[in-house]
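480 is the number of the first residue of the sequence shown in the working numbering; add one for each residue after it. Beta carbons: idealized from backbone N, C-alpha and C, even for Gly. In this text the structure is predicted, and so the values were computed from the model without any measurement.
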Amino acid sequence: MLINIMVKNHYTLSELLRPIELMAEMCGMRWLSPMIIYSARQQSKTTLGHISDAYRQWLQAPLEGEHADGR
């Protein structure tokens, strides 16, 4: 069951992940903003194909030394 996190918890996913981001920074890790996909089960196969291509690129970006968030 899909739960709208803003309605249920009053916080965005980015706000909920903030403590983990801080912990990663304190441990000397490089934080990469997550790729969040909502309502994936309702997407068409074509859209899911585009999302999977974007996800593959997102996963490979740190290995290539670049990332979409510029870190």
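Would residue i and residue j qualify as a contact pair, given that the criterion is a beta-carbon distance under 8 Å?
i: I516; j: I530; result: yes
Am I right that residue i and residue j are in contact with their C-beta atoms under 8 Å? What's the rounded C-beta distance?
i: Y534; j: M514; result: 6 Å
Near residue i, which residues of its chain fall below 7 Å by C-beta distance, leaving aside the five closest residues on each side in sequence?
i: A503; result: W510
i: P541; result: L511
With DSSP run on the structure shown, which of helix, strand or coil describes residue i?
i: G528; result: helix
i: L496; result: helix
i: Q522; result: coil
i: M502; result: helix
i: Y490; result: coil
i: Y534; result: helix
i: P541; result: helix
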